[in-house]
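The opening position of the sequence shown corresponds to residue 18 in this note's numbering, with each subsequent residue numbered one higher.
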Amino acid sequence: MLPVQMLEWNRTEVDYPRDSTIAEQFEQQVAKSPDAIAIVANDIQLSYRELDERSNRIARHLQTLGVKPDTLVGVAMGRSETLVVCLLAILKAGGAYVPLDPTHPKERLCLVINDSEMEILLTTSEMRERLPLDAGGVTVLDVENSAAAFESTDTVETNAASHNLAYVIYTSGSTGKPKGVMVENRNVVNFFSAMDRAIGCAPGVWLAVTSFSFDISVLELLWTLTRGFKVVVHGDEGTATIADEITRHEVTHLQMTPSLARMLTLDARAFIALGLLKQVLLGGETVPASLIHHIRQIFSGEIHNMYGPTETTIWSTTYRVEEPGRTVSIGRPISNTQIYLLDAELQPVPVGEIGELFIGGDGVARGYWNRPDLTAERFLTIPSLSPNRIYRTGDIARFLPDGNIEFLGRADYQVKLRGHRIEPGEIEAILEQCGVVRQAVVVVREDKEGDKRLVAYLVIKETEVEVAGMLRSMLASKLPDYMIPSAFVFLPELPLTDNGKIDRKALLKLPPPNVTLSADAGPRENESGQQANNEIERIVAAAWQDALGITSVGMNDNFFDLGAHSLTVAEVKAKLQEALGREISLLDLFQFSTVSTLAGHLAGTQWRLQVSDRAQRRRLARQP
C-alpha cells in the first residue's frame, strides 16, 4: 500500500474531453480564430483557415490511398509549414504519423521504414533523394506535386477515435535496434489538458526549435495549434538564428533542452533575446541549478522544469522554478498522472528514500510497436498500486518532504544527452560489429559543468592508428550525430568489478579524454607544438580551446578527436562570429575540422567578402 502522503500527492484526477482527438481539437480552434496567424516558417505564414484547408486536401487524398485508423504514415521533410500541414493531415485522415528525420543516416531510416511497416511516406522532392526508397513496398507521396492539390478543402470525415494511435516515435534501443513507442490520441488529449493547467493556455508566440522526431515537438507544433498560438518554426541550417527569431516575431514561449539553453547563454545576442520571453520550458535532461541562476540574470518570466519519457506522453511532471536550491526538482505529476517510487521488490519506499520511478495514469502509451515482449517487460500491472498498467522508467528519484520529486539519474546505463534518450548499448553493439573492436563501453562524461559528451572506451585487436576516424565514419553511416561519441579512448583491457562486470565508475575516474589514450604507449599528445601563424589561426585556436576546456590545440588536430560535438560546434560558431564580425556557416565548422583548414577557409571567404565590398563601393561611386 502507498503511504498516506503519496496517496495525497497522486490525487491528480481532473476531467477532460476523454473522447476527443487531436484533429477535433484543432478544428475547434480553427472555428474560434480562422484568420489568426497559425504558422510562420521560412518567411511563409498561414492563417488557421489556410492551414486547415491545406491539411484537409492532403487528408482527403490519404483516405483515397487507404489510410484509416491506426494506419502508420511516414513523414520525411525539413522544418517548414508543409511539415505541420502533413502532421495535421495524417491525424485528420485517421492515421498515425511516424517521423523520419532526413538528417539521420539512410540505414537508420531504412530500419524505421521496415520495422514500422508503414504503407505511405509523405515527403518533398527536395528530400526524396535523401531517403532509402528501396526500403520496402512503401507508397511515396511528394506532397508538393501530387493529386492532393485537386482535393476538396471541406472538413474531412474520419473514423478515428480517442483510442486510436496519433504517432509512433522511435527511441534508442539497448539491443542495437530502435523501438517504436505507440501513443494514442487519448494520451495526447490528456497531456494537452494538463498543460493548460501547468503552464497556461493564453495564446502567445511559440518558437518551435525541436526536431519533430523528438516527442516534445508535439507540445510545440500541436498543443499550440489547438490553443490559438502563433507558431514560428525555427528553420534548418542557414536560416535566422534563435535570437533573430525571438526578436523579429516577439516570441513569448520557448521550450528547449538545458544544453541548448546553456549554449544560448554563452552567445551575447541570444542571451539578451532570452530576456524578451515570458515563459521558458526546460526538459529532456537534468537542469543544473547554475543554469537557472545564469538565466535569471536576464530573464524574469516563468521557468518550468519538465520531466517525462516518450512512453508516458511527453511530460509527466512539471516544476515552476523560482530560486533553485542545491538541485532543481522535477516537481509533481501533471493531471491524471501518478508517480510511484518503488524498491527492488516493487514496494513503495518511504518519503526521502531512493526508489525506481514508475509512472501511471492516462499518459501511459499503448506499448512498443511489434514488441510484445518488451512491452510486457516495461509496462507492468501491479494491482496493489493501480488496476491499470504503469510504466517502469528505469530512472531513480526520491520524494521530498513537500511532495516534489528529486531526480537522481538512471538505474541502468541509459542516458539523456542534449534532450535525446540514448541507450549506450546500441552504440556498443554497433562498435563491436566492427572487426577491429574486441570490447566497447560507451559512457557519458561531464568533465566541464553542463558539457556532457559521449566517450567510447575500446579494446581493439590491432594498433589504433586511424581507427578512431574509421569508427567515427562507420557510426555516422548508422546513427544520428547525437549518438556518435566525441572521443575514442583505447585501453589494453577494460576495468572490472569484483564480480567480473565492467566497472563503468572506474572509467569515469580516468583522465578527461582531451588526448587519445593508446593501448600500449600511454597518452598520445595532440600536435599542439605547431603554433598559429597568423591572427585568424590564433582566433580559431582560442575559440576551440575555450569551448573544449583545453590549454592548447595543434594546427592539424581534429576538433572531433579532441571531444567536440554538435553543441560545442555551435558554441564555437558564436565565438568566431563575435570575433570576426560576420556570419559563419555551421556546415563549414563540420567540414573544416582543424585550425589550419578552418582558418584557411575563413581567410579565403574574408578576402572574397572584402573584394565584393570594394567592388560594390566602386559601383556606387560611379553612379550619378
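Ideal Cβ positions, reconstructed from N, Cα and C, are used throughout, including at glycine. What you are looking at is a predicted structure, and each value in this text was computed from that prediction instead of being measured.
DSSP-derived helix/strand/coil call for residue i
| i | result |
| --- | --- |
| GLY384 | strand |
| HIS582 | coil |
| THR99 | helix |
| TYR65 | helix |
| ILE444 | helix |
| LYS522 | helix |
| LYS109 | helix |
| TRP332 | coil |
| LEU527 | coil |
| ASP692 | Summary: the structure shown does not reach residue 692, with the chain confined to residues 18 through 641, and so no result is reported for it. |
| MET323 | strand |
| ILE309 | helix |
| PHE43 | helix |
| LEU283 | coil |
| LEU417 | coil |
| GLY377 | strand |
| THR344 | coil |
| GLN456 | strand |
| GLU124 | helix |
| PRO116 | strand |
| MET212 | helix |
| TYR499 | helix |
| LEU397 | strand |
| MET144 | helix |
| THR156 | strand |
| GLN431 | coil |
| MET487 | helix |
Expected contact under 8 Å - CB spacing of residue i and residue j to nearest Å
| i | j | result |
| --- | --- | --- |
| HIS321 | ILE216 | 6 Å |
| PRO367 | PRO20 | 7 Å |
| ASN353 | GLY325 | Going by Cβ atoms, the distance from ASN353 to GLY325 rounds to 13 Å, so no, they are not a contact pair. |
| THR410 | ILE376 | 6 Å |
| ALA287 | ALA260 | 4 Å |
| LEU391 | LEU374 | That belief does not hold up - the Cβ atoms of LEU391 and LEU374 are roughly 18 Å apart, past 8 Å. |
| VAL461 | VAL506 | About 14 Å; that fails the 8 Å criterion. |
| ASP520 | LEU527 | Between LEU527 and ASP520 the Cβ distance is about 11 Å, and since that is not below 8 Å, they are no contact. |
| LYS495 | GLU124 | 5 Å |
| LEU238 | ALA225 | 6 Å |
Contact set for residue i: own chain, Cβ-Cβ below 8 Å, skip 5 residues either direction
| i | result |
| --- | --- |
| GLU161 | THR99, THR141 and SER142 |
| GLU267 | VAL222 and LEU293 |
| LEU128 | LYS194 and PRO195 |
| ARG343 | ALA306 |
| PHE577 | ARG489, SER503 and SER610 |
Environment of residue i [buried if 16+ CB atoms lie within 10 Å]
| i | result |
| --- | --- |
| ILE289 | exposed |
| MET94 | buried |
| VAL157 | exposed |
| PRO400 | exposed |
| ASN393 | Per the sequence shown, the amino acid found at residue 393 is Ala instead of Asn. It is exposed - the Cβ of ALA393 has fewer than 16 other Cβ atoms within 10 Å. |
| HIS582 | buried |
| PRO92 | First, the residue type needs correcting, since residue 92 is Val and not Pro in the sequence shown. So VAL92 counts as buried. |
| GLU134 | exposed |
| ALA560 | buried |
| LEU126 | buried |
| GLY301 | buried |
| GLN80 | buried |
| SER602 | exposed |
Same chain only: Cβ atoms within 6 Å of residue i, ignoring 5 sequence neighbours per side
| i | result |
| --- | --- |
| HIS270 | GLY221, TRP223 and GLN296 |
| ARG28 | none |
| ALA58 | SER97, GLU98 and VAL250 |
| HIS311 | THR282 |
| THR241 | TRP223 and VAL248 |
| GLN456 | VAL476 and LEU511 |
| SER228 | ASP118 |
Residues near residue i in its chain [Cβ-Cβ closer than 7 Å; skip 5 each side]
| i | result |
| --- | --- |
| VAL454 | LEU448, LEU475 and ILE477 |
| GLU588 | MET280, LEU283 and ALA564 |
| ARG6 | Outside the displayed span of the chain (18 to 641) sits residue 6, for which this structure offers no information. |
| ALA616 | ILE553, GLU554 and VAL557 |
| PRO308 | What sits at residue 308 in the sequence shown is Leu, not Pro. Closer than 7 Å at Cβ, skipping near neighbours: PRO275, ALA278, ARG279 and GLY467. |
Minimum Cβ-Cβ distance from residue i to chain B less than 8 Å
| i | result |
| --- | --- |
| VAL248 | Structure shown: chain B not included; a single protein chain is present. |
Any non-hydrogen atom of the ligand NAD closer than 7 Å to residue i Cβ
| i | result |
| --- | --- |
| LEU434 | No copy of the ligand NAD appears in this structure; indeed no ligand is present at all. |
**Prompt:** If we count Cβ pairs, one from each stretch, closer than 8 Å, do we get three or more for the stretch 170-178 versus the stretch 308-323?
**Reply:** no
**Prompt:** Are three or more beta carbon pairs between the stretch 82-96 and the stretch 111-127 nearer than 8 Å?
**Reply:** yes
**Message:** Below 8 Å, how does it come out for the stretch 206-215 and the stretch 62-71: are there three or more Cβ pairs, yes or no?
**Reply:** Not touching, per the Cβ criterion.
**Message:** When you compare the stretch 70-80 with the stretch 101-109, are there three or more beta-carbon pairs, one atom per stretch, that lie closer than 8 Å?
**Reply:** yes
**Prompt:** Between the stretch 467-477 and the stretch 433-448, do at least 3 Cβ pairs fall closer than 8 Å?
**Reply:** yes
**Request:** Decide yes or no for the touch test of the stretch 403-420 against the stretch 335-345: beta carbon pairs closer than 8 Å, at least 3 of them.
**Result:** no
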